[in-house]
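Listed in order, the protein sequences are those of chains C and G.
The opening position of the first sequence corresponds to residue 94 in my numbering, with each subsequent residue numbered one higher.
The opening position of the second sequence corresponds to residue 5 in my numbering, with each subsequent residue numbered one higher.
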Amino acid sequence: MSWIKVCSYEDLVANAGIAVKVMDKQVAIFLDPEFNQLFALSNWDPIGKANVMSRGLMAEIEGVLTVASPLYKQKYCLSTGVCIDEDIVLPIWNVKLENDVVWLAPK
Amino acid sequence: MSNITQLIRNTDKPHLIIVGNGMVGHHFIEQLAQLGAHQNYKITVFGEEPNLAYDRVHLSEYFTGKSYHDLAMSEPSFYDNNDIAYETSARVTAIDSLAKNIQLADGREFSFEKLILATGSYPFVPPIKGHDRENTFVYRTLDDLDAIRECAQSAKTGTVVGGGLLGLEAANALKNLGLKTSVVEFAPRLMPVQLDETGGALLRNMISTLGVDVYTATATTQIVAGNDAVHRMEFANGDYLETDLILFSAGIRPQDALAKQAQLKVGERGGIVVNDYCQTSHDDIYAIGECALWEGRIFGLVAPGYSMAKVAANHILGFQGEAFTGADMSTKLKLLGCDVGSIGDAHQTTPSAKRFVYQDDFLNVYRKMVVSEDGTKLLGAVLVGDNSYYDTLLQYYLNGITLPSNPQSLILPVSDGEPVGLGIDMLPATASICSCHNVTKQDIAETISSGSMTLGEVKRVTKASTGCGGCSALLKKVVDNELLALGVEVSTDICEHFSYTRQDLYNLVKIDEIKTFKELLDKYGKGKGCEVCKPAVGNILASVWNDFVLKKEHVSLQDTNDRYLANMQKDGTYSVVPRIPGGEITPDKLIVLGEVAKKYNLYTKITGGQRIDLFGATLSELPHIWEELIAVGFETGQAYGKSVRTVKSCVGSTWCRFGVNDSMTMAIDIENRYKGLRSPHKLKFAVSGCTRECAEAQSKDIGVIATEGGWNLYVCGNGGMKPRHADLFATDLTDQQLITYIDRLLMFYVKTADRLQRTSVWMESLEGGWTT
């Protein structure tokens, strides 16, 4: 698996998302600060049809951590990309944090 | 009666023994059953009376046709089904607190891990010479009543010693048994604990007209054989009274003999000393109900006993439960057909307390309210003759609800006969509806929302109104109110992370001085929060503390619009709306807006709120755009925020031929005053310079219209999907008055409205709000 360095830990926002461009694709990276857990999935909102997922609010729904699209509010599971409101799945990325550096790799 | 041989088995489980099977002892067992205690304990109950627990509160109904079975608290099968061993007619004679065992009168011994004393009380019989003659009784058990009934058959007259609550209850019973009845009270008035002098005197008159002779301030010195009746009671003042039957009801004393024998700590004047968890001086021995002495007080009512039972059960099983914190001793009852009620500080002992009194000697009613010095809180009340005022007063008292501006209306008669009530909506969720079973308004709401759709069903599930029954009317109102509200909104919880309404959260944030979402979540919520509670709490925090919303601890709560100070459009780009207070703008500022729009290729549009919207900015362009706008004095117009949007205005008296006041300046002042205020939903204002109303103020949350005499203020209007005409709130206000009124209204709205509730809906949801 080829890991790509995308940003540093300081660039992340706790309990929220940022967007990075990697291999010509936009990826949204979210940080759950409780255990420094990172989630990475496509920044493209397939329903709103815009690169906005990184700007959605993180929302826990019955124990599942999701992100809510800022456009039409559909929620996607952060770890699987599965949309819980519509029959649709967002591509997800492998993500890791090493020495304050954030790495991504395509799945 | 016993199931003890079937149920006491050799198990490894520790033994939990309850001594006493009255109402409180029984309630304790119900609590155990509910908590599944039999999984951890072998449970055994010993009761001294021949029957299992019965409803002593309604003991007198035994004389009006009810049997033991009608009064019984449960069927024996309840005990069998819950694996609880019991034995009646079983008197415990000794406790060995070191060896942890008890001994019964027949010599049997049982060891225990936990012991609960629910031994209740015994009637106090004053040590008058002759008190132990034949045909003298007390009034506590079914056996007592059987004996009284038997004796009454051959008696013509009966006398109750004691004119308190129980004494009058007993007098009523004697009267119903056909005896010519008298009441002898040592104190100067009847019901000295609950009533004041006037109330006691009125009650005395009413009881006398019913044919019961009342002797107050009368001490009995001795009881001897009578000439014309069985007894002659001789009084200290030289008079005497002849009577066939004497019933002592001069108060109760805690039944603490076992505790004394076991050398547990007891109070100077009796009562087993317990802590907030009902533990006695021995950690494994608990005392609950009338035998327990908490903070120097004995609680002779069933409701506090039930509370103790609950506290003790939870404590023994290691559940984190509430501590016992005392109890309200307010009472209402019908004595000999007369309504009597007493709430809180009935005797006006609070320093500087003031009172309202209403008395009608024609209708035999008396009502007194004791209020705080400033007249805003109810401290106590006395009611004689008509208890229909009781429920409302009690709720004001228990919940500390601020009294209306004319508090006397709560006790004054009204022409249509129905006293001024407190709207059910006004009661907080925590309001105790049934104090016997400690059922709150919220408990009832929850029971209904989980499927109990009738009064009977609610009673069955919550047990509300199955204790003394005093709350039955109130319970019905609450149930009706909840059913009415059902379908509109069932749960008022904001989301799965907080079991609170927005208003609750607002109060928690304010009172606990909570400054961050995490703090609130840790203290009052669960999980990590969601897209509903995060912005709502972010908004509340901003309303209360006015912290910078993009600080590290707040930024993740903000919707993208709030986070980037612009409105996200369908393609993910943003529109920027700088604030233009009152719609007044200089040519230089207009030019800058034009230049910025041109530079970043933004589509421009004049908005409905008299400002200019610049569309099509990408996220990365926003900082540059703002840098240029801020440089010439612009700030965000918060066209996205749950906050003040615009104050629309006409040009006003400076230019307009019809203008009667300077609406332009007022609009700018108002916009600058309230901009940045975070509120439950967006707020739109307008100011018109005359009644032609060019600014359309009557469709705004806050609308101001100039008049010859100042300003007219309209509130809670709305355009949008469901337009609502604003209501005229006040007329001919000065500038200062206008601002004061708007301040107050907005404060009230921000404090009390629901999440995303516009002022129009908020107004209609308020008690007494306008409806169309």
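Glycine is no exception: its CB is placed at the ideal position from the N, C-alpha and C atoms.
All values reported here derive from a predicted model rather than from experimental measurement.
Query, Result
"Under 6 Å Cβ to Cβ from R144(G), same chain only, skipping five residues before and after it: list those, please.", "P127"
"Please list, in chain order, the residues of the segment 103-114 of chain C that have any C-beta partner in chain G closer than 8 Å.", "V106, A107, N108, A109"
"Per DSSP, what kind of secondary structure is Q740(G) in: helix, strand or coil?", "helix"
"Between E179(C) and chain G, is any beta-carbon pair separated by less than 7 Å?", "no"
"Using a Cβ distance threshold of 8 Å, determine whether the segment 385-392 of chain G contacts the segment 350-370 of chain G, with at least three qualifying pairs required.", "yes"
"Would you say R759(G) faces chain C, with C-beta separation under 7 Å as the test?", "no"
"For G693(G), does the three-state DSSP call read helix, strand or coil?", "coil"
"Can you name the start and end residues of the alpha helix (DSSP H) that S81(G) belongs to?", "80-85"
"Quick check on DSSP: helix, strand or coil for L340(G)?", "coil"
"Is the CB-CB distance between D248(G) and K179(G) below 7 Å?", "no"
"Check this for me: beta carbons of A41(G) and L397(G), under 7 Å apart or not?", "no"
"Who are Y126(G)'s beta bridge partners in DSSP?", "R257(G)"
"Helix, strand or coil for A121(C) per DSSP?", "strand"
"Determine the closest residue to S212(G) out of I99(G), K184(G), Y607(G), with distance taken between C-alpha atoms.", "K184(G)"
"Alpha carbon to alpha carbon, how far is P80(G) from D150(G)?", "22 Å"
"When you compare only the Cα positions, how much space is there between S476(G) and A435(G)?", "15 Å"
"Listed in chain order, which residues of the segment 543-568 of chain G have Cβ atoms closer than 9 Å to some Cβ of chain C?", "K556, E557, V559, S560, L561, Q562, D563, T564, N565, R567, Y568"
"Note down, in chain order, each residue of its chain lying with its Cβ closer than 7 Å to the Cβ of A601(G), except the 5 sequence neighbours on either side.", "T608, L618"
"Can you find a C-beta in chain C that's less than 7 Å from the C-beta of V499(G)?", "Rather than Val, the amino acid found at residue 499(G) in this sequence is Cys. Cβ-Cβ to chain C under 7 Å: no for C499(G)."
"Taking only beta-carbon positions, decide if A133(C) is within less than 7 Å of chain G.", "no"
"Would you kindly report the start and end of the unbroken alpha helix (DSSP H) that includes G171(G)?", "169-180"
"DSSP state of E422(G), grouped into three classes?", "Per-residue confidence for E422(G) stands at a pLDDT of 45, beneath the threshold of 50, marking its modelled position as unreliable; no derived number is given."
"Are the C-beta of V157(C) and some C-beta of chain G separated by less than 7 Å?", "no"
"Spatial neighbours of L56(G) within its chain, please: C-beta separation below 8 Å, excluding the five flanking residues on both sides.", "M5, N25, H30, A76, M77, S78, P80, Y83, Y90, T92"
"With a threshold of 16 other CB atoms inside 10 Å of the CB of H501(G), please say whether the residue is buried or exposed.", "buried"
"Relative to the C-alpha of T173(C), which residue among Y165(C), V160(C), L164(C), G110(C) is closest?", "V160(C)"
"So N403(G) is in the alpha helix (DSSP H); what residue range does that whole segment cover?", "394-403"
"Find out if the Cβ-Cβ distance for the pair S253(G), G171(G) is shorter than 7 Å.", "yes"
"Do the segment 316-332 of chain G and the segment 353-362 of chain G touch if we need at least three Cβ pairs shorter than 8 Å?", "no"
"From the beta carbon of G620(G), is the nearest beta carbon of chain C less than 7 Å away?", "no"
"Applying a beta-carbon distance threshold of less than 9 Å, which residues of chain C neighbour D673(G)?", "What D673(G) touches in chain C: nothing, since even the nearest Cβ is about 35 Å away."
"Can you check whether the C-beta of C534(G) is within less than 7 Å of a C-beta belonging to chain C?", "yes"
"Spatial neighbours of Y66(G) within its chain, please: CB distance less than 7 Å, with the 5 preceding and 5 following residues excluded, ordered by chain position.", "L75, L146, L149"
"Spell out whether any CB of chain C is found under 7 Å from the CB atom of K646(G).", "no"
"Could you list which residues in chain G have their beta carbon closer than 8 Å to that of V145(C), in chain order?", "T564, M572, G576"
"Verify whether the separation of the beta carbon atoms of V188(G) and T222(G) is less than 7 Å.", "yes"
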